[in-house]
Structures are given as structure tokens and as C-alpha cells.
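Q:
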Amino acid sequence: MSAVLVQNWWMTHRRLKALVRQPAVVGMMLMQPAIWLFLFGGLFKNIVELPGFAGQSYLGYLVPGVVVMSAVSSNMWAGMSVIEEIDRGTLNRFLVTPVSRGAIMNAGVIEQAVSTAVQSVLIIVLGWIGGAHYTGGVTGLAALVLASVLLGAVFSALSNTMGLLVRQREMIIGLSVALLLPLTFLSSAFMPTALMPGWIRHVAAFNPVNWSLEAARAGLLAKPDWTNLAVHGGWLLALAALMVWLATYSFRAYQKSI
Amino acid sequence: MAYAVEADKLIKTYPGDVTALDGLSITVRPGEILGLLGPNGAGKSSTIKILTTLARPDSGTATVAGHSVLRHPDRVRRVIGVVSQNSGADPAAGGRDNLTLQGRLYGMRGAGLTRRVDELLDRFDLAEAAGRAVRTYSGGMRRRLDVALGLVHRPAVLFLDEPTTGLDPEARAALWAEIGRLAGDDSLAILLTTHYLDEADRLAGRLAIVDHGRIVAEGTPDALKAELRGDAVHLEMSSVPDEELVRSAIGAVPGVREVVLDGARLSARADDGPAAVPIILAALDRAGVPVASVTVARPSLDDVYLRYAGRRFAQADTGGAQ
């Protein structure tokens with residue numbers, strides 16, 4: 001293994017170990033999703049009697065929505081740990097060692113991907129316990145997890161960029177509050193596209209949260225809609241790549257500002 | 259002789275026309291502790307940031323262990339250890355985990371790394387707390403861990419940026435003892451910044467006094483003090499007096515020189531301090547300047563600072579920046 005790979009591994013290892021050290025966080029991670037799934041899902045249970053839900057239970061419909069919404073919500077906080085590591089001097093401590101600058105950045109991206117995947121799987125299991133059926137089987141669920149990981153990468157990169165450039169916790173909290181619910185409501189998280197008012201449908205077409213839901217729902221069909229999955233997944237991948245590039249760029253800007 | 263650190267005419271400005279460094283030059287020899295002494299904002303931290311490759315100077319050159327910080331920052335990073343003002347340790351991880359990761363970043367591994375980590379935990383009296391999260395450590399323990407982190411890979415040059423700031427006197431004394439022991443290593447060069455006069459006096463083999471981004475005086479603490487011939491006489495007047503009046507009154511007293519007036523404080527140097535005091539007091543009395551207090555002292559580093567920076571150290575420090 002090359003030195004850079006070894007460094008990537010140890011930097012990621014540090015973050016994953018920090019994650020494992022606090023098992024209580026897993027419980028916290030599932031509080032919000034459980035509320036959306038079972039309270040919101042319970043309250044609006046009868047909504048599936050409207051045409052357009054394709055005979056599914058509302059809980060089953062809601063699971064992908066709650067998975068991607070939780071991915072956005074938890075990844076929006078990524079910038080907080082960046083600010084903490086800057087304030088604490090940890091980031092500068094790494095910058096004066098020979099560790100590759102890329103490894104410092106990658107570790108954050110990989111950690112977010114792993115924790116988002118774990119969170120997504122747990123929500124899927126939670127939904128299954130509650131009685132949701134996943135018609136698309138393993139392929140569909142894999143598409144859902146992958147879509148939520150990519151969406152998470154978009155928002156953790158956005159949050160990291162804020163952390164590195166603005167370095168204010170209030171900014172990150174504000175952004176999270178301002179974006180989470182609007183982006184969720186402007187997607188097929190709670191209501192199928194066919195039942196949306198026209199203007200919301202048009203806005204949703206440009207919403208990355210909706211892209212990930214389109215991709216996931218395409219994969220979860222009894223007969224997956226591969227074209228739809230590839231198109232929306234592709235857009236999501238492109239946006240994630242762009243955002244990670246932006247975060248890397250702001251990391252350079254941070255180094256220049258020291 | 260090859261220098262461990264050689265900085266030449268460093269200039270660094272920050273946005274908003276803040277000049278942090280204004281042509282600063284220093285050298286550190288292997289086996290030497292150079293103390294960079296100056297108030298907050300004098301340019302100490304900027305110097306450290308440039309020499310540790312965190313920041314780039316606007317102009318000037320610097321080499322660390324023979325490597326240019328501008329052209330080969332990667333080579334510099336392999337041979338330096340840095341203990342910065344903020345503890346960079348991961349508070350959620352234990353002392354051992356922090357040290358092990360640090361070693362791995364320098365490519366250390368296996369039994370060699372384990373042995374080195376154990377050795378440092380023992381030496382810095384952290385073996386018992388090695389598995390505990392760093393957030394439970396006391397300030398002194400945390401600082402000792404920071405120094406250990408800087409030493410894992412056996413650097414050739416160690417940077418200590420205000421290592422004892424915020425420590426209680428007992429923890430400070432313990433860390434001083436530890437830094438003193440490091441000085442026994444002939445191959446290790448240490449660049450220490452501090453705004454504590456006693457710390458500089460105690461630890462540094464050689465001192466460089468920084469003010470407004472440049473070195474204003476350099477030498478061993480003893481040599482710097484010896485340059486100030488005679489005793490220091492400090493007077494505090496009841497109110498801010500007329501400068502001309504005071505100067506002409508004191509100027510007439512034989513054996514008194516280097517009169518510095520700073521508000522209501524007056525400092526001067528006298529060949530024989532105790533003998534000069536009654537004459538100075540009488541001269542000021544005749545001039546109608548009331549004196550509130552007077553002290554006579556052997557030269558201290560504070561006097562050295564006053565001489566070169568033109569103001570008292572404590573005032574420069576609280577008056578802060580720029």
C-alpha cells in the first residue's frame with residue numbers, strides 16, 4: 001500500500017473510531033426519523049386512498065423520503081466539526097505533519113459516507129419493523145442507500161465549505177434550518193409527483209433532494225426503471241463531485257488565510 | 259556552521275494592512291534554545307507559522323534543518339515538531355491513541371511505534387492516563403501530551419509556541435523542567451516563543467526580542483542584562499508631568515542616563531542607584547514634580563525590553579497588538 005493510501009486509512013480510522021466511541025449517537029440519529037416515520041406516517045396513514053400511491057402503505061412510501069431527509073439533516077452538521085477542529089488547533093496540527101492534504105479532506109468525505117449509509121440502513125430496518133414492504137428488493141434498497149450517500153456528500157461538502165470559509169457556527173445552523181424542510185417539501189418525500197401542484201413539480205425538478213428520491217423510487221419499483229435511475233443518479237453524482245471540489249477549493253483558501 | 263533554523267528578512271502582511279513581520283531575521287543552532295520574546299501581536303506567532311510551513315511570507319527566505327520552507331515544505335514537515343498555542347490533541351481520544359496516530363502520520367508503525375509511544379507516555383508521566391479521553395486531562399497533562407505529540411518522530415527542530423500560557427504555577431514549573439531536559443539533547447534545536455519574561459530568562463540559551471515584527475535585540479539573557487550598565491531606577495510620579503521640565507531636572511544629576519519617560523513613569527539607569535536616588539528626588543522636588551514611589555533594581559529582562567522597545571513589557575503586552 002502506498003504511503004498516501006496508508007495516510008487516508010489512518011485519518012479515516014480516526015474519525016470512524018470517534019463515531020464508534022459514542023453509541024448513544026446512533027440512538028439520537030434515529031429519533032427524528034422515527035418521529036417522521038411513525039407519527040407523521042401514522043397521522044397521514046389514510047392519504048394513500050388518493051389515487052397516485054399505487055396501492056402502497058403510506059409508511060412504505062415514506063421510508064425513502066425519511067431516508068434522504070435524514071441524510072440531508074445529519075450531513076448539514078459536518079461543518080460544525082470542521083470549525084471545532086480549526087478552533088482546537090487539530091487541523092493545523094495535521095497541516096504541519098507530512099500527511100497529504102488530500103487525506104485530511106478524504107477522511108471527512110468517507111466518514112460522512114459511512115455514517116450516512118449506516119443511518120440509511122437503520123431507517124430502512126426501522127420501516128420494515130413497522131410493516132413497510134420494499135418491492136424493489138435488495139437492488140432497490142441499494143439504490144436508495146447510494147442515493148442518500150451521494151445526497152449526503154452534496155450537503156456535507158456545502159457545510160464543510162461554510163465551516164472553512166465563514167467559520168461561524170450560526171451560519172451552519174441557519175443554513176440547516178433554512179434548507180432542510182423546504183427542500184424536503186419540494187420533493188416527492190411525502191407526496192408523489194403526480195399529486196403535486198404544478199409549480200412545486202417544476203421546482204422539484206431542480207431539487208437534488210428530489211433527484212435522489214426519483215433515483216431511489218425508480219430502483220424500488222417491482223420492475224426497476226433503469227433509465228430514470230441512471231439519469232437522476234447521474235445528476236446527483238455530478239453535483240456531489242462539484243460540491244466536493246468546492247470544499248477542496250475552500251480548504252486551499254483556508255490554508256492561504258492562516 | 260549549519261543552522262537548524264535560518265530566517266532572513268521575513269515580511270508578512272495580513273489583509274487590512276496589518277504588518278505582522280517587518281524584515282525579521284533569526285538563526286537557531288542545533289542544541290540551542292532560542293527564546294523569541296515579545297508582547298502579543300509582536301510577530302512571534304507569524305514567525306512560527308512561516309517556519310512550520312503553515313503560512314507563506316510575502317518576501318524573505320527561511321530554511322529549517324537545511325530545507326527551504328518555501329520550496330520544500332514537505333521536507334521541512336518531516337523534521338519539525340510543533341507545539342502550538344492551542345492544544346491540537348483530539349479530546350475524545352486517549353493520550354495513547356493521539357500519540358499513535360501522530361506517529362503514523364510520519365510513517366512510523368509496528369513495534370517501533372508502540373515502543374516510542376510507551377516511552378513518551380512514561381517520560382511525560384501520562385502512562386496511567388494513557389487510555390482515558392484527553393478531555394478528562396488537567397491543563398498540565400494536556401500540555402505535556404502536546405509536547406509529547408511534537409516529539410513522537412524525533413524531530414531535529416522543535417517549535418514551542420507559548421507552551422505554558424494558561425497553566426497554573428505548579429504545572430508551569432513541571433513543564434519548564436521537562437523543556438530544560440530537552441535542552442540537554444545536542445542535536446535538537448528549540449525555538450520557543452513566550453510573553454513571559456521569567457520563562458525566557460529561565461529556559462532560553464539565547465534571546466531575541468521581537469517588537470513590531472522585527473528583532474530589536476539579541477543575545478544571551480545575561481549578556482543582554484549586562485549591556486545595561488548600572489542599576490535601573492524607576493519612578494512613579496503623582497501625575498503626568500511636563501516632559502521638558504523633568505528631563506532638564508534629571509539631566510543635571512551626574513551618573514544618570516537613558517532617561518525614558520512613559521506617562522507618569524520614569525525609568526533611568528544610574529552607575530550607583532542607591533546613591534543617585536536622593537539627588538534625583540531633590541532635583542524633581544526643586545522642579546515642583548511630586549513623586550509617588552521610587553524603586554532601584556539590578557537590571558532585569560524587563561529593563562532590556564524597555565531599552566530596546568521604548569516601553570515597559572507589561573504595558574506593551576496588555577496594550578497588545580500592532
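From first to last, the protein sequence lines are chains R and F.
Each residue of the first sequence is one higher than the one before, starting from 1 at the first, in the working numbering.
Each residue of the second sequence is one higher than the one before, starting from 259 at the first, in the working numbering.
From the three backbone atoms N, C-alpha and C, an ideal C-beta is built for every residue, glycine too.
These numbers come from a predicted model, not from an experiment.
1) Under 8 Å by Cβ, that's how I've got V375/F and R354/F pegged, so tell me the actual separation to the nearest angstrom.
2) Are L482/F and A545/F closer than 7 Å when you measure CB to CB?
3) Residues in the region 512 to 541 of chain F with C-beta within 7 Å of chain R's C-beta atoms, listed in sequence order?
4) Any beta-carbon of chain R closer than 7 Å to the one on R460/F?
5) Nearest chain R C-beta to T310/F closer than 7 Å, yes or no?
6) Is there a C-beta anywhere in chain R that falls below 7 Å from the one on A313/F?
7) Count the other C-beta atoms from every protein chain shown that fall within 10 angstroms of the C-beta of E386/F, then say buried if there are 16 or more, exposed otherwise.
8) Helix, strand or coil, according to DSSP, for F155/R in the structure here?
9) Chain R beta carbons: is any one of them nearer than 7 Å to that of A350/F?
10) Which residues of the region 87 to 101 of chain R have a Cβ closer than 9 Å to any Cβ of chain F? Give them in chain order.
11) For N298/F, go through chain R and note every residue whose CB falls closer than 8 Å to its CB, in chain order.
12) With a threshold of 6 Å on Cβ separation, who are the neighbours of R393/F within its own chain once the five nearest residues in sequence on each side are excluded?
13) Answer with yes or no whether the minimum CB distance from I258/R to chain F is below 7 Å.
14) My output table needs one value for E420/F: the three-state DSSP class, helix, strand or coil.
15) Looking at chain R, is there any beta carbon in it that lies within less than 7 Å of the beta carbon of L359/F?
16) Between the alpha carbons of V26/R and Q119/R, how many angstroms are there, rounded?
17) Between which two residues does the beta strand (DSSP E) carrying M495/F extend?
18) Among G198/R, M11/R, H232/R and F251/R, which has the Cα closest to the Cα of A103/R?
19) Put D355/F into one of helix, strand or coil per three-state DSSP.
20) Where does the unbroken alpha helix (DSSP H) through V535/F begin, and where does it stop?
21) Within 7 Å (strictly less), CB to CB, does R15/R reach chain F?
22) By a C-beta neighbour count over all protein chains shown, 10 Å radius and 16 as the cutoff for buried, is N207/R buried or exposed?
23) Excluding the five sequence neighbours on either side, which residues of its own chain have a C-beta within less than 7 Å of the C-beta of L91/R, listed in chain order?
24) Give the DSSP-derived three-state secondary structure of I473/F in the structure shown.
25) Using only alpha-carbon positions, find the residue among L378/F, R333/F, L559/F and L403/F that is nearest to A484/F.
26) Three-state secondary structure (DSSP) at A238/R?
27) Who are the neighbours of D383/F on chain R, taking C-beta pairs under 7 Å?
28) Checking the sheet assignment: what are the DSSP bridge partners for L294/F?
29) At the 7 Å Cβ level, is A263/R part of the contact set with chain F, yes or no?
30) Using DSSP with H/G/I as helix, E/B as strand and the rest coil, what is K223/R?
31) Three or more C-beta pairs closer than 8 Å, one from the region 428 to 439 of chain F and one from the region 512 to 530 of chain F: is that the case here?
32) Tell me the residue span of the beta strand (DSSP E) that contains D280/F.
33) Given a cut-off of 7 Å on the beta-carbon distance, is the pair N106/R and A247/R in contact?
34) Less than 7 Å between CB atoms is the rule here; does R374/F satisfy it with respect to chain R?
35) Which residues in chain F sit within 8 Å of W10/R, going by Cβ to Cβ distance?
36) Within 10 angstroms of the Cβ of V209/R, are there 16 or more other Cβ atoms? Answer buried if so, exposed if not.
A: On the basis of the coordinates in this document:
1) 6 Å
2) no
3) none
4) no
5) yes
6) yes
7) exposed
8) helix
9) yes
10) D87, R88, G89, T90, L91, N92, R93, F94, L95, V96, T97, P98 and V99
11) Ordered by position in chain R, no residue passes the 8 Å Cβ test against N298/F, which lies about 17 Å from the chain.
12) P349
13) yes
14) coil
15) yes
16) 8 Å
17) D489 to M495
18) M11/R
19) helix
20) G531 to R544
21) no
22) buried
23) E85
24) strand
25) L559/F
26) helix
27) Simply none; closest approach about 22 Å.
28) T451/F and A466/F
29) The displayed coordinates of chain R run from 1 to 258. Any statement about residue 263/R would go beyond what the structure contains.
30) coil
31) no
32) V276 to V286
33) no
34) no
35) L359, R362 and L363
36) buried
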